[in-house]
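What follows is a set of notes on a single structure, which appears directly below.
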């Protein structure tokens with residue numbers, strides 16, 4: 001999964017609107033921060049004091 005910073009998107013959108021050379025052009029805006037939910041889940045669990053995520057493979061072991 002990728003994510004983009006809102007400030008980056010705003011600057012990009014303003015540039016695309018005011019620059020005369022961007023008329024009728026399509027652009028993709030991403031700063032390409034890549035993360036996996038299994039890593040983000042552990043970070044959120046630590047931040048908010050929840051039990052860490054147990055992966056699906058771990059959860060299904062022995063079943």
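In UniProt numbering, the protein residues as written are 1 to 63. We treat Cβ as the ideally placed atom computed from N, Cα and C, and that holds for glycine.
Under 6 Å Cβ to Cβ from residue 29, same chain only, skipping five residues before and after it: list those, please. Here residue 29 refers to the residue found at position 29 when the chain shown is read from its first residue. Around residue 29: 9 and 12.
Where does the unbroken alpha helix (DSSP H) through residue 46 begin, and where does it stop? Sequence index remark: in the chain shown, residue 46 carries index 46 (1-based). First-last of the alpha helix (DSSP H) with residue 46: 37 to 48.
Residue 17 - containing alpha helix (DSSP H), residue span: Translated into the one-based positions of the chain shown, residue 17 becomes position 17. First-last of the alpha helix (DSSP H) with residue 17: 6 to 18.
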